[in-house]
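The structure under discussion appears below in the form of structure tokens.
In the working numbering, the protein residues as written are 124 to 649.
Shown next, in the form of structure tokens:
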């Protein structure tokens with residue numbers, strides 16, 4: 124760095140520099156306000172704050188689980204106990220379905236939750252990619268996303284055909300082996316015009332549309348390909364309505380769908396963001412919104428229900444794009460925003476409409492199975508909404524007679540993240556590889572079997588039953604989590620508490636990426 128000027132003109136020079144700097148900063152703030160249709164109020168938001176090393180370290184840890192779950196011919200493999208696997212997936216249909224990711228501790232590629240994983244990961248990158256980049260994790264997140272979307276592109280060989288599963292879960296669950304050692308048949312399942320699946324097709328459309336925005340600047344050709352598939356899949360899902368779990372009853376045991384209206388609205392919302400085509404906005408605010416949006420009724424965001432995510436995503440438009448949108452859509456968008464506000468009010472512990480579904484120590488708790496999915500996903504939505512409020516200078520969120528600030532939402536999100544990372548009555552981090560104490564008996568085939576073992580389908584069960592900790596650390600895995608009484612049994616056979624999943628990883632990556640700096644300014648998706 125250069126030395127300070129010692130001349131008499133130094134003070135004048137610094138004054139001029141200060142004036143120029145003020146003009147530049149003012150222009151940037153004005154540009155941000157103008158770009159998003161800023162409503163005005165309070166002080167303008169400042170730049171992102173200082174890095175919070177706790178969350179930055181946890182983010183780096185969490186992203187590694189995606190590498191562990193990869194199928195196919197691995198490139199620049201960072202996991203020493205993983206190797207190539209699933210190299211013939213899709214071959215019977217003359218398709219390359221070798222990529223993608225294994226769902227959880229098993230070796231099935233379930234398209235419905237995998238597509239949700241991609242959509243949430245895309246959303247995290249779009250909102251917080253600058254923060255990921257600041258701590259050196261953006262490339263890793265984008266690489267993991269592309270590993271999934273490469274697979275999804277190949278799984279959609281024609282407009283009305285989508286392959287939604289690779290592998291037989293019944294047969295798979297009768298084996299305990301490393302993915303590299305699989306020798307059994309890998310059957311394929313598809314949805315099509317005769318056997319529709321609006322839910323899985325629309326979720327895949329949402330994944331493609333959101334990812335097209337992620338890659339729009341870095342790889343415009345790839346982005347265009349994704350968008351083409353997204354449009355086709357949405358049309359397919361819309362014109363051939365039906366539950367995939369009714370068309371294909373055998374999937375009900377694993378990822379049963381409880382509806383497809385939420386996925387149609389979710390996909391249309393992402394397609395509007397990706398295209399600016401008003402027909403998608405008309406879809407979400409018209410009759411389909413009336414039929415499926417459940418305006419005024421807060422819901423939980425998860426792989427099976429996208430309504431809360433849709434409401435927050437569309438609230439983004441009313442925060443930042445209201446001036447650019449026709450008045451004919453205004454009332455519908457306000458209904459989404461009001462419902463998003465109801466979701467936020469239900470999450471804030473001091474709100475008069477706060478959910479009572481919590482542990483004594485404050486963790487949102489909805490389901491005994493995979494209990495951490497809902498609090499982490501809810502916290503991710505809360506911090507996004509907080510940043511929408513902060514950037515738009517919206518001072519208050521009104522919850523009946525009380526009001527709350529963006530900081531209150533951020534504090535709630537941090538409380539859920541901190542619980543996951545070890546600030547809980549068990550003093551246990553539920554993110555494997557983070558902190559001093561984390562689960563050692565994760566329900567995960569590859570992690571539990573030594574990398575040099577030659578175990579066949581049945582032989583491997585000795586490692587499922589072993590009393591020794593896993594020989595390989597499933598770094599970044601977010602396990603199922605605690606029971607409501609805040610107990611956790613670290614056992615490989617305790618599937619509901621110790622099994623991780625890719626969609627859990629997506630929501631924890633989203634949450635942690637939002638917290639890696641002390642504040643964040645919302646960026647345009649385009």
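For every residue, glycine included, the Cβ atom is placed at its ideal position computed from N, Cα and C.
Note down the Cα distance separating residue i from residue j, rounded to an integer number of angstroms.
{"i": "residue 387", "j": "residue 379", "result": "17 Å"}
{"i": "residue 425", "j": "residue 225", "result": "18 Å"}
{"i": "residue 511", "j": "residue 442", "result": "7 Å"}
{"i": "residue 375", "j": "residue 368", "result": "6 Å"}
{"i": "residue 588", "j": "residue 582", "result": "11 Å"}
{"i": "residue 161", "j": "residue 519", "result": "Here residue 161 scores only 34 on pLDDT, less than 50, and its place in the model should not be relied on; the value that follows carries that caveat. Taking the straight line from one Cα to the other gives about 15 Å."}
{"i": "residue 202", "j": "residue 189", "result": "10 Å"}
{"i": "residue 270", "j": "residue 193", "result": "8 Å"}
{"i": "residue 513", "j": "residue 198", "result": "40 Å"}
{"i": "residue 179", "j": "residue 258", "result": "7 Å"}
{"i": "residue 296", "j": "residue 619", "result": "15 Å"}
{"i": "residue 541", "j": "residue 627", "result": "16 Å"}
{"i": "residue 399", "j": "residue 285", "result": "25 Å"}
{"i": "residue 559", "j": "residue 394", "result": "43 Å"}
{"i": "residue 200", "j": "residue 573", "result": "18 Å"}
{"i": "residue 267", "j": "residue 348", "result": "18 Å"}
{"i": "residue 529", "j": "residue 303", "result": "47 Å"}
{"i": "residue 536", "j": "residue 642", "result": "13 Å"}
{"i": "residue 491", "j": "residue 616", "result": "15 Å"}
{"i": "residue 606", "j": "residue 545", "result": "15 Å"}
{"i": "residue 454", "j": "residue 401", "result": "15 Å"}
{"i": "residue 220", "j": "residue 213", "result": "5 Å"}
{"i": "residue 469", "j": "residue 487", "result": "10 Å"}
{"i": "residue 592", "j": "residue 457", "result": "52 Å"}
{"i": "residue 146", "j": "residue 231", "result": "Interpretation of residue 146 is limited by its pLDDT of 40, a score under 50 that renders its predicted location unreliable; no figure is taken from the coordinates."}
{"i": "residue 305", "j": "residue 278", "result": "21 Å"}
{"i": "residue 504", "j": "residue 432", "result": "7 Å"}
Taking the CB atoms as reference points, tell me whether residue i and residue j lie closer together than 8 Å.
{"i": "residue 597", "j": "residue 578", "result": "no"}
{"i": "residue 350", "j": "residue 329", "result": "no"}
{"i": "residue 235", "j": "residue 289", "result": "no"}
{"i": "residue 462", "j": "residue 421", "result": "yes"}
{"i": "residue 639", "j": "residue 254", "result": "yes"}
{"i": "residue 337", "j": "residue 265", "result": "yes"}
{"i": "residue 294", "j": "residue 624", "result": "no"}
{"i": "residue 346", "j": "residue 339", "result": "yes"}
{"i": "residue 325", "j": "residue 383", "result": "yes"}
{"i": "residue 506", "j": "residue 532", "result": "yes"}
{"i": "residue 416", "j": "residue 436", "result": "no"}
With H, G and I counted as helix, E and B as strand and the rest as coil, what does DSSP make of residue i?
{"i": "residue 513", "result": "helix"}
{"i": "residue 213", "result": "coil"}
{"i": "residue 146", "result": "Residue placement at residue 146 is flagged as unreliable, the pLDDT there being 40, under the threshold of 50; the coordinate-derived value follows with that caveat. Residue 146 falls in the helix class under three-state DSSP."}
{"i": "residue 580", "result": "coil"}
{"i": "residue 585", "result": "helix"}
{"i": "residue 359", "result": "helix"}
{"i": "residue 634", "result": "helix"}
{"i": "residue 249", "result": "helix"}
{"i": "residue 534", "result": "helix"}
{"i": "residue 434", "result": "helix"}
{"i": "residue 233", "result": "strand"}
{"i": "residue 428", "result": "strand"}
{"i": "residue 479", "result": "coil"}
{"i": "residue 254", "result": "helix"}
{"i": "residue 644", "result": "coil"}
{"i": "residue 298", "result": "coil"}
{"i": "residue 384", "result": "helix"}
{"i": "residue 222", "result": "coil"}
{"i": "residue 195", "result": "strand"}
{"i": "residue 271", "result": "helix"}
{"i": "residue 160", "result": "Reliability of the predicted coordinates at residue 160 is poor, the pLDDT of 34 falling under 50, and no value is obtained from them."}
{"i": "residue 495", "result": "coil"}
{"i": "residue 96", "result": "In the structure as shown, the chain starts at 124 and stops at 649, and residue 96 therefore has no counterpart that could be examined."}
{"i": "residue 555", "result": "coil"}
Measure the beta-carbon distance from residue i to residue j and round it to whole angstroms, keeping in mind my assumption that it falls under 8 Å.
{"i": "residue 600", "j": "residue 555", "result": "4 Å"}
{"i": "residue 603", "j": "residue 622", "result": "6 Å"}
{"i": "residue 466", "j": "residue 434", "result": "6 Å"}
{"i": "residue 451", "j": "residue 522", "result": "Wrong, their Cβ atoms sit about 29 Å apart, outside the cutoff."}
{"i": "residue 637", "j": "residue 318", "result": "About 39 Å separates the two Cβ atoms, so there is no contact after all."}
{"i": "residue 547", "j": "residue 484", "result": "6 Å"}
{"i": "residue 334", "j": "residue 241", "result": "6 Å"}
{"i": "residue 543", "j": "residue 553", "result": "5 Å"}
{"i": "residue 366", "j": "residue 233", "result": "Contact doesn't hold; Cβ gap of about 15 Å is too wide."}
{"i": "residue 195", "j": "residue 207", "result": "7 Å"}
Hey, does residue i have any beta-carbon neighbour from chain D nearer than 8 Å?
{"i": "residue 317", "result": "The structure shown contains no chain D, having only a single protein chain."}
So is the beta-carbon of residue i under 7 Å away from any non-hydrogen atom of the ligand FMN?
{"i": "residue 619", "result": "This structure lacks the ligand FMN; in fact it carries no ligand of any kind."}
| query | Taking the runs of the beta strand (DSSP E) that are 3 residues or longer, which of them lie wholly in the segment 306-330? | reply | Entirely contained in the segment 306-330, the beta strand (DSSP E) runs reaching 3 residues are, in chain order, 311-315.
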